[in-house]
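Residue numbers (the numbering used here), protein chains in the order written: chain U, 47 to 135; chain V, 22 to 359. Using N, Cα and C, we set each Cβ at its ideal position, and we do this for glycine too.
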């Protein structure tokens, strides 16, 4: 009987505003048969530091995050954050 | 006495076989032909070369071969396995089995290599029982005699979960959804379940140093519930934000800030936010909505964007609420897109 543990990215989604969501699945295998698995989900915003992210996720981010996408996302954030500021700020 | 009369006499009025005349019956049956079972006698069967051959009651009567295949309304298709099968050929309906497998099919036949459609325009279906459980398979509709490709719509094994299309059965009792959601727009359809972990972030407070952070989530259809804990050793005391963002959400939030948050697109069900310099009171919070679709805006309950100095999250000469060591624990529920 051999137990192995593997973690791979099994889903990557890019939203309309450039956010990249991905899921990592960790599988526990016994003699080649899956006996358990867990998920971990993450989301990355356009322009975010990609240090330490999985290579295939980084590749998707670099392809999706054009300068226009990053600018548009930052503009969206700025507009929404401005709405939070109290009057007189 | 004719052979037919012998046969008729051997079977009594009640339908029972008169064994006293077995020898005569055998003589008839072993060498007789279909013509012996003529009108006026009781046509049952004859024996030819060791096989029992049923007499044809009418067009469409069953026929079978020495391999155990029974054909209804047609001669059995010899491509089916030689264990046994019952084939209703006109509609492509079949029941058959081999050791370790039992199967029923609709609108398909087996040519020795592939399953093929019997009729054009209808789907092909099959139900299989094996040692590993029950399988309900279907195919898209196709053209007669074209190969049919089956897909398992549902699977159920011994002491295993009911696995829906695309899902793998698991040990235990329950329902397993596919790893990748097949979203439904129907209001009465539960189309997804998933649970896992996520890593929360704090934004709008400048540079944050985390001591520890972790989160869990459950997704039931569009409903997402997240729990989280963030422990920070420091925040940027030069920042003075009017709100705090909890980001890194595992799924997007449908309701953007200001769109519908008053209706509870997201809410902080429980919370415990503390800082070394926290004010004594007013440490309850609520969620305004989403910024950037994967962050939720958390504000203090008396937050009012129209009143100056209502900022409670900054530490630059204001309340200093999030300065220094602090932790944030809580849980959100929100709606995602699918």
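Residue i (DSSP reduced to helix, strand or coil)
{"i": "residue 207(V)", "result": "coil"}
{"i": "residue 108(V)", "result": "strand"}
{"i": "residue 224(V)", "result": "strand"}
{"i": "residue 125(U)", "result": "helix"}
{"i": "residue 336(V)", "result": "No answer about residue 336(V) holds up, because its pLDDT of 37 lies below 50 and its placement is not dependable."}
{"i": "residue 102(U)", "result": "helix"}
{"i": "residue 88(V)", "result": "coil"}
{"i": "residue 11(V)", "result": "Past the boundaries of the shown model lies residue 11(V); chain V is included only from 22 to 359, so the question cannot be answered."}
{"i": "residue 370(V)", "result": "Absent from the structure is residue 370(V), since the part of chain V shown begins at 22 and ends at 359."}
{"i": "residue 120(U)", "result": "helix"}
{"i": "residue 62(U)", "result": "coil"}
{"i": "residue 115(U)", "result": "helix"}
{"i": "residue 79(U)", "result": "strand"}
{"i": "residue 250(V)", "result": "strand"}
{"i": "residue 184(V)", "result": "strand"}
{"i": "residue 359(V)", "result": "coil"}
{"i": "residue 200(V)", "result": "coil"}
Between the CA atoms of residue j and residue i - distance to the nearest angstrom
{"i": "residue 313(V)", "j": "residue 64(U)", "result": "10 Å"}
{"i": "residue 148(V)", "j": "residue 317(V)", "result": "47 Å"}
{"i": "residue 315(V)", "j": "residue 127(V)", "result": "47 Å"}
{"i": "residue 87(V)", "j": "residue 131(V)", "result": "19 Å"}
{"i": "residue 119(V)", "j": "residue 139(V)", "result": "22 Å"}
{"i": "residue 70(U)", "j": "residue 238(V)", "result": "14 Å"}
{"i": "residue 68(U)", "j": "residue 352(V)", "result": "21 Å"}
{"i": "residue 151(V)", "j": "residue 116(V)", "result": "14 Å"}
{"i": "residue 327(V)", "j": "residue 218(V)", "result": "Confidence is the limiting factor: at residue 327(V) the pLDDT is only 47, short of 50, which leaves the residue's position unreliable, though a coordinate-based value still follows. Each residue's Cα considered, the two are about 37 Å apart."}
{"i": "residue 154(V)", "j": "residue 200(V)", "result": "21 Å"}
{"i": "residue 254(V)", "j": "residue 123(U)", "result": "26 Å"}
{"i": "residue 98(U)", "j": "residue 105(U)", "result": "13 Å"}
{"i": "residue 233(V)", "j": "residue 146(V)", "result": "53 Å"}
{"i": "residue 61(U)", "j": "residue 94(V)", "result": "57 Å"}
{"i": "residue 103(V)", "j": "residue 191(V)", "result": "34 Å"}
{"i": "residue 175(V)", "j": "residue 212(V)", "result": "14 Å"}
{"i": "residue 90(U)", "j": "residue 109(U)", "result": "13 Å"}
Beta-carbon proximity of residue i to residue j, cut-off 7 Å
{"i": "residue 195(V)", "j": "residue 182(V)", "result": "yes"}
{"i": "residue 141(V)", "j": "residue 156(V)", "result": "no"}
{"i": "residue 221(V)", "j": "residue 249(V)", "result": "yes"}
{"i": "residue 66(U)", "j": "residue 102(U)", "result": "no"}
{"i": "residue 229(V)", "j": "residue 265(V)", "result": "no"}
{"i": "residue 203(V)", "j": "residue 273(V)", "result": "no"}
{"i": "residue 116(U)", "j": "residue 100(U)", "result": "no"}
{"i": "residue 169(V)", "j": "residue 160(V)", "result": "yes"}
{"i": "residue 121(V)", "j": "residue 105(V)", "result": "no"}
{"i": "residue 162(V)", "j": "residue 144(V)", "result": "yes"}
{"i": "residue 113(V)", "j": "residue 135(V)", "result": "no"}
{"i": "residue 214(V)", "j": "residue 235(V)", "result": "no"}
{"i": "residue 370(V)", "j": "residue 355(V)", "result": "What the structure shows of chain V is the stretch from 22 to 359, and residue 370(V) is not part of that stretch, so it cannot be assessed."}
Under 9 Å from the C-beta of residue i: neighbouring residues of chain B
{"i": "residue 271(V)", "result": "No chain B is present in this structure, whose protein chains are U and V."}
Quiz item: What residue ranges within the stretch 110–181 of chain V form continuous beta strand (DSSP E) runs of no fewer than 3 residues, ordered along the chain?
Solution: 114–119, 122–127, 129–131, 136–138, 146–151, 154–159, 172–177
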